[in-house]
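Numbering (this note's numbering), first residue to last: 137 to 419.
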């Protein structure tokens, strides 16, 4: 259940962040949302308890660095390459790598769970698949968006680092409360601030976009805290693959709130995602 909460949190966060990024550069959103999420965690952590110890804090820092790099590379890939290729390839890496890591450390889900994992991987690809439409050319500025070698490296790099962020959260274990999450948000903030300064995007948004960025920060805390605690009571492979279904929530919100067209493959993917979650839950 906590993994599903994390998936919904990530999905809603991506939707809100996407709305904000239509008005200003994406980096201008995350340079606010990440430090705001750090403040939220620091306010909550003393009431949750937990012991501050070196190893969990180091895993938290590593998770934040990986997540910060993943966001940067993902945005670069989307800016230069075809979203219909970049998005699903990133998603399947985020879902698949933790499954392989779980198997390597000795996790052995049952047959039903394996079937659920397989369905979830298919669902992630289908739901993340963008339907090409007339807006694509406008977003690209009339450019021909090609999946070049650079875009491929950025896409694979973002998928791997997103997956590593999940794996690092799993390694934190229990007993540390939310303090490792605070370390994660601090290191992620350091990464995106450094990138924003280097690229000339270190300028906070104003008005409604600033409010949306703050909301993204709250959602980030909810999603990551839910995932952190889900890992304490579940397998890396199963928890990660459920959390990776977050694009379904993003697509559903875009359809309901913005009236965006949802392709047939995305609709099929959302149905498959529900079946996958059910199979894993039963297993």
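We treat Cβ as the ideally placed atom computed from N, Cα and C, and that holds for glycine.
Assigned secondary structure, residue i (DSSP; H/G/I helix, E/B strand, else coil)
i	result
residue 400	helix
residue 356	helix
residue 314	coil
residue 306	helix
residue 223	helix
residue 187	coil
residue 381	coil
residue 282	coil
residue 159	coil
residue 217	coil
residue 241	coil
residue 338	coil
residue 369	helix
residue 290	helix
residue 255	helix
residue 248	helix
residue 152	helix
residue 394	coil
residue 417	helix
residue 137	coil
Alpha carbon of residue i to alpha carbon of residue j, nearest angstrom
i	j	result
residue 137	residue 369	11 Å
residue 292	residue 151	22 Å
residue 350	residue 397	28 Å
residue 413	residue 256	8 Å
residue 252	residue 334	43 Å
residue 390	residue 411	21 Å
residue 162	residue 364	26 Å
residue 304	residue 148	23 Å
residue 388	residue 402	10 Å
residue 247	residue 235	14 Å
residue 178	residue 228	32 Å
residue 342	residue 167	13 Å
residue 188	residue 353	23 Å
residue 141	residue 377	13 Å
residue 422	residue 336	Only positions 137 to 419 of the chain appear in this structure, which leaves residue 422 out of reach.
residue 249	residue 311	28 Å
residue 217	residue 318	33 Å
residue 322	residue 417	33 Å
residue 230	residue 394	26 Å
residue 194	residue 400	43 Å
residue 360	residue 308	12 Å
residue 284	residue 209	14 Å
residue 180	residue 384	29 Å
residue 190	residue 362	22 Å
residue 338	residue 160	12 Å
residue 254	residue 215	30 Å
residue 237	residue 392	36 Å
residue 139	residue 282	35 Å
residue 245	residue 264	25 Å
Beta-carbon gap between residue i and residue j smaller than 8 Å
i	j	result
residue 379	residue 198	no
residue 357	residue 176	yes
residue 306	residue 211	no
residue 313	residue 185	yes
residue 97	residue 239	Residue 97 is absent from the structure shown; the chain starts at 137 and stops at 419.
residue 196	residue 355	no
residue 324	residue 203	yes
residue 287	residue 213	yes
residue 316	residue 182	no
residue 415	residue 243	no
residue 320	residue 206	no
residue 296	residue 241	no
Can you confirm whether the stretch 403–416 touches the stretch 171–181 when touching is taken to mean that 3 or more C-beta pairs between the two stretches lie within less than 8 Å?
The stretch 171–181 makes no contact with the stretch 403–416: fewer than 3 CB pairs, one atom from each, lie closer than 8 Å.
Between the stretch 218–227 and the stretch 329–338, do three or more beta carbon pairs fall short of 8 Å?
Short answer: they don't touch.
Is there contact between the stretch 257–265 and the stretch 291–305, where contact requires at least three CB pairs shorter than 8 Å?
Between the stretch 257–265 and the stretch 291–305 there are fewer than three inter-stretch CB-CB distances shorter than 8 Å, so the stretches are not counted as touching.
When the Cβ atoms of the stretch 150–167 are set against those of the stretch 336–351, are three or more pairs found closer than 8 Å?
The answer is yes - the stretch 336–351 touches the stretch 150–167, with three or more Cβ pairs under 8 Å.
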